[in-house]
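S.K.: Here the protein sequences come in this chain order: X and G.
Quick note on numbering: UniProt numbering labels position 107 of the first sequence as 107, and the sequence is numbered without any gaps.
Quick note on numbering: UniProt numbering labels position 9 of the second sequence as 9, and the sequence is numbered without any gaps.
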Amino acid sequence: MASVNRRVLPGFSLTLGYTVFYLGLLVLLPIAAVFVKAGSLSLHDFLGAVWTERARAAYLLTFGTSFLAALTNVVLGALIAWVLTRYTFPGKRILDSLVDLPLALPTAVGGLVYASLYVENGWLGRFLVPLGIRGAYTRLGIVLVLVFVGLPFVVRTVQPVLEDLDPEAEEASSSLGATRWQTFAFVILPTLYPALITGFALAFARSIGEYGSVVFISGNMPFKTEIAPILIVARLEEFAYGEATAIAVVLLVISFSMLLVVNLLESWSRRHDR
Amino acid sequence: MAHNPTGGTAGRRTAITALIVGALGLLACGKSRPGGAAQEVELLNVSYDPTRELWRDLNEKFIAAYEKESGTKVTLKQSHGGSSTQARAVIDGLEADVVTLASYLDTDAISKKGLIQPNWIDKLPSRSLPYTSTVIFVVRKGNPKGIKDWPDLIKPGVEVITPNPKTSGNGYLSFFSAWGSVVLRGGSRDDAIKYVTQLYKQVPVLDSGARGATTTFVQKKIGDVHLAWENEAHLEVREAKGELELVYPPISIRAEPHVALVDSNVDRRNTRKAAEAYLRFAYTDEGQEIAAKHFYRPTNEAILKKHAAIFPELRLFAITEIAKDFPDAHKQFIGEGGVFDTIYSPKK
Numbered sequence: 001m002a003s004v005n006r007r008v009l010p011g012f013s014l015t016l017g018y019t020v021f022y023l024g025l026l027v028l029l030p031i032a033a034v035f036v037k038a039g040s041l042s043l044h045d046f047l048g049a050v051w052t053e054r055a056r057a058a059y060l061l062t063f064g065t066s067f068l069a070a071l072t073n074v075v076l077g078a079l080i081a082w083v084l085t086r087y088t089f090p091g092k093r094i095l096d097s098l099v100d101l102p103l104a105l106p107t108a109v110g111g112l113v114y115a116s117l118y119v120e121n122g123w124l125g126r127f128l129v130p131l132g133i134r135g136a137y138t139r140l141g142i143v144l145v146l147v148f149v150g151l152p153f154v155v156r157t158v159q160p161v162l163e164d165l166d167p168e169a170e171e172a173s174s175s176l177g178a179t180r181w182q183t184f185a186f187v188i189l190p191t192l193y194p195a196l197i198t199g200f201a202l203a204f205a206r207s208i209g210e211y212g213s214v215v216f217i218s219g220n221m222p223f224k225t226e227i228a229p230i231l232i233v234a235r236l237e238e239f240a241y242g243e244a245t246a247i248a249v250v251l252l253v254i255s256f257s258m259l260l261v262v263n264l265l266e267s268w269s270r271r272h273d274r
Numbered sequence: 001m002a003h004n005p006t007g008g009t010a011g012r013r014t015a016i017t018a019l020i021v022g023a024l025g026l027l028a029c030g031k032s033r034p035g036g037a038a039q040e041v042e043l044l045n046v047s048y049d050p051t052r053e054l055w056r057d058l059n060e061k062f063i064a065a066y067e068k069e070s071g072t073k074v075t076l077k078q079s080h081g082g083s084s085t086q087a088r089a090v091i092d093g094l095e096a097d098v099v100t101l102a103s104y105l106d107t108d109a110i111s112k113k114g115l116i117q118p119n120w121i122d123k124l125p126s127r128s129l130p131y132t133s134t135v136i137f138v139v140r141k142g143n144p145k146g147i148k149d150w151p152d153l154i155k156p157g158v159e160v161i162t163p164n165p166k167t168s169g170n171g172y173l174s175f176f177s178a179w180g181s182v183v184l185r186g187g188s189r190d191d192a193i194k195y196v197t198q199l200y201k202q203v204p205v206l207d208s209g210a211r212g213a214t215t216t217f218v219q220k221k222i223g224d225v226h227l228a229w230e231n232e233a234h235l236e237v238r239e240a241k242g243e244l245e246l247v248y249p250p251i252s253i254r255a256e257p258h259v260a261l262v263d264s265n266v267d268r269r270n271t272r273k274a275a276e277a278y279l280r281f282a283y284t285d286e287g288q289e290i291a292a293k294h295f296y297r298p299t300n301e302a303i304l305k306k307h308a309a310i311f312p313e314l315r316l317f318a319i320t321e322i323a324k325d326f327p328d329a330h331k332q333f334i335g336e337g338g339v340f341d342t343i344y345s346p347k348k
């Protein structure tokens, strides 16, 4: 035999066909339909729908708050993953499973609860609002809920990497005279970069499309706290399918290019690493 | 297949064939059911959110009445959601026999797709309106800000809760109502623009839908006055146990939740007769009483008068008094580049 089948399991062509078919059916086809629907507009109408001043303000808000939230999640998520992998304490299992809760909770409920916590007479709001910190119906509120919905993505991508970390490398580093900070910065952090970047990308992507929680906490004031998905819903309410999908296309294109950059960054950091 | 021609397999095969034939037969029977001897009809009423209890009561009474009258047993299904979301579902193929949506625009959108005949509005009594409603004010106990009329809403320090007119039917109806309160009392277009601009400056939260606005007002205790549909305002006040009060402004818009048969669906499903009887039932005295019980204004004048205690008289204006028609009002005031868009423009 000229070629030996080196694969552990047979049936590559079958599984590949299955993969391509279902990805196409479940992901590519709907996205293509969005583009086709938006394509029903003339260029002039398309631009008229997607490039108004109000829409630009909404894109900026959506991407800005998503970016801030994903960044916050990288720090918070890494910290939580660290504590969960490095320490033992009572109730650790419970804490560990709490991390996934934002995924299971309908996001609208999350948004509603956050808003009622941070309003002036809410449990947190009654202390924060006198200090000038307004969580409900502000941009801060949007970042807060986006941190909430994005958190599991960072924790769950960083955690396994931390668990696999070789303790001997750390021991070697400290026996060679490195301080704890140096060990963290030059030994641990570099191996975490790819996972952190992936976590960032996932949390970021999740935030861009987030609708349910944000509409409840943002207050939806045009030019101030109105996110792009609200504009899409507004156009749908008017039965303007083409215009609605046109805005969706803009969101898709921007977020796809941002994710592409993040992915390139990730593969660069992986290569850099090895 | 045929390499094991033992009697057992052959017998089993016959059995399977019989089963398949039987199943097909059953299926065929199922398909022909509407025209068959068994007098049974299933209707789907696609409606909007707050009518759930109203139609449940109407359904119950209708089922009994219709079986007695025609011998046909009706099963009724209800579907609820945001009004225009429901309209989109019907356009996209949800097999509604009747639609009972919140706004003319929603029914009209279905009609424009050819599912409902163009002259639908004249096919049922009172322009296809078994009941109407309006927009009124809900205020906190004792009405501390002294809100009685539309101009009171823009007094300094008054916070108004109303949903986003772009995403909510309740929201745009409130907008039209505010607009009409100015222009129908002698104000100019500029006065109206000034009024609504100030009004929306005093809206701290633009919820995306009516339910969100109610939550903001009732649960989170934000705002001094909530612009709500009359029927929902009544429920809101009843549930607040003395914390809230109703205020009737002297003038407001007439909310028109039209009902309509979805012609192409009832014809295909062969349910026209029952569906029409169903909608007409809402106009009977019994149906009108149920509407009143759920705080919808019955279109039957006598029954409306009977319940004058819960339906105080006020000047209810039609959309045609402030615009050509509903689509025109929407385009002028709410649509892209309309009056509402200029309110928030940062260039002001």
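C-beta: ideal position from N, C-alpha, C; glycine also.
How far does the beta strand (DSSP E) with Ile253(G) in it reach, from first residue to last?
M.R.: Where Ile253(G) is concerned, the enclosing beta strand (DSSP E) stretches over Ile251 to Ala255.
S.K.: Would you please verify whether the beta carbon of Met258(X) is less than 7 Å from any beta carbon of chain G?
M.R.: No, no contact with chain G.
S.K.: Strictly under 7 Å for the Cβ-Cβ distance: is Glu163(X) near chain G by that measure?
M.R.: Answer no: the Cβ-Cβ gap between Glu163(X) and chain G never drops below 7 Å.
S.K.: Rounded to whole angstroms, what's the CA-CA distance from Gly122(X) to Ser116(X)? Just pull it up for me.
M.R.: Going by the C-alpha atoms only, they are around 6 Å apart.
S.K.: To test your reading of the DSSP string, which unbroken beta strand (DSSP E) runs of 3 or more residues are found completely within the region 118–180 of chain G?
M.R.: As far as the region 118–180 of chain G is concerned, its whole beta strand (DSSP E) runs of at least 3 residues are 131–140.
S.K.: For Thr107(G) and chain X, any beta-carbon pair shorter than 7 Å?
M.R.: Cβ-Cβ to chain X under 7 Å: no for Thr107(G).
S.K.: Can a CB atom of chain G be found closer than 7 Å to the CB of Ser116(X)?
M.R.: Yes, Ser116(X) lies at the interface with chain G (some Cβ there is under 7 Å from its Cβ).
S.K.: Can you find the residues in the same chain that come closer than 7 Å, C-beta to C-beta, to Gly287(G), ignoring five residues on each side of it along the sequence?
M.R.: Around Gly287(G): Leu58, Pro130 and Phe281.
S.K.: List the DSSP bridge partners of Asn45(G).
M.R.: Beta-bridge pairing links Asn45(G) to Gln78(G) and Val98(G).
S.K.: Along chain G, in chain order, which residues have C-beta atoms closer than 7 Å to that of Tyr137(X)?
M.R.: The contacting residues are Pro204 and Val205.
S.K.: What in chain X is Cβ-close to Ile222(G), meaning under 7 Å?
M.R.: Per Cβ cutoff of 7 Å: Val119.
S.K.: Suppose contacts are defined by Cβ-Cβ distances below 7 Å. Is Phe216(X) in contact with Tyr344(G) by that definition?
M.R.: Cβ distance not < 7 Å, so Phe216(X) and Tyr344(G) don't count as in contact.
S.K.: Determine, using beta carbons only, whether Phe175(G) and Pro163(G) come nearer to each other than 7 Å.
M.R.: No, the pair does not count as a contact, with Cβ atoms beyond the cut-off.
S.K.: Between Glu53(G) and the rest of its own chain, which residues show a CB-CB distance below 8 Å, the 5 nearest in sequence each way excluded?
M.R.: Counting only Cβ-Cβ distances below 8 Å, and skipping sequence neighbours, we find His294.
S.K.: Contact defined as beta carbons within less than 8 Å: I believe Gly199(X) pairs with Gly64(X). What is the distance between those atoms, to the nearest angstrom?
M.R.: No, Gly199(X) and Gly64(X) are not in contact; Cβ-Cβ is about 19 Å, not under 8 Å.
S.K.: Excluding the 5 residues flanking Leu199(G) on each side, which residues of the same chain have their C-beta closer than 8 Å to its C-beta?
M.R.: Leu153, Ile154, Val160 and Ala178.
S.K.: Counting along the chain, where does the alpha helix (DSSP H) carrying Arg315(G) start and finish?
M.R.: Segment Arg315 to Phe317 is the beta strand (DSSP E) holding Arg315(G); no alpha helix (DSSP H) there.
S.K.: Considering Leu16(X), what are the terminal residues of the alpha helix (DSSP H) in which it resides?
M.R.: That run of the alpha helix (DSSP H) goes Phe12 to Leu23.
S.K.: Using a cut-off of 8 Å between C-beta atoms, extract the partners of Ser208(G) located in chain X.
M.R.: Those are Val215, Asn220, Ile230 and Val233, listed as they occur along chain X.
S.K.: Are the C-beta of Thr167(G) and some C-beta of chain X separated by less than 7 Å?
M.R.: Chain X contact via Cβ: present.
S.K.: Identify every run of the beta strand (DSSP E) within the region 219–276 of chain G, keeping only runs that are complete inside it and at least 3 residues long; order them along the chain.
M.R.: As far as the region 219–276 of chain G is concerned, its whole beta strand (DSSP E) runs of at least 3 residues are 225–229, 244–247, 251–255 and 259–261.
S.K.: Spell out whether any CB of chain X is found under 7 Å from the CB atom of Val139(G).
M.R.: Not one chain X Cβ lies under 7 Å of Val139(G).
S.K.: Does chain G have any CB closer than 7 Å to the CB of Glu237(X)?
M.R.: Yes, because at least one Cβ of chain G sits closer than 7 Å to the Cβ of Glu237(X).
S.K.: Cutting at 7 Å between CB atoms, please list the residues of its own chain near Ala192(G), excluding the five before and the five after it.
M.R.: Hits under 7 Å: Trp179, Val182 and Val183.
S.K.: How about Ala223(X): is its C-beta nearer than 7 Å to some C-beta of chain G?
M.R.: Reading off the sequence shown, one finds Phe at residue 223(X), where the question assumed Ala. It does; some Cβ of chain G falls within 7 Å.
S.K.: Cα separation between Ala28(G) and Lys68(G)?
M.R.: Note that Ala28(G) scores 47 on pLDDT, short of 50, meaning its location in the model is unreliable; the coordinates nonetheless yield the value given after this. The straight-line gap from Cα to Cα measures roughly 29 Å.
S.K.: Let me check one thing: in DSSP terms, what residues is Glu226(X) bridge-paired to?
M.R.: In DSSP, Glu226(X) forms no bridge with anything.
S.K.: Any C-beta of chain X sitting closer than 7 Å to the C-beta of Tyr344(G)?
M.R.: So yes, Tyr344(G) belongs to the interface.
S.K.: With H, G and I counted as helix, E and B as strand and the rest as coil, what does DSSP make of Ser116(X)?
M.R.: Correct three-state label for Ser116(X): helix.
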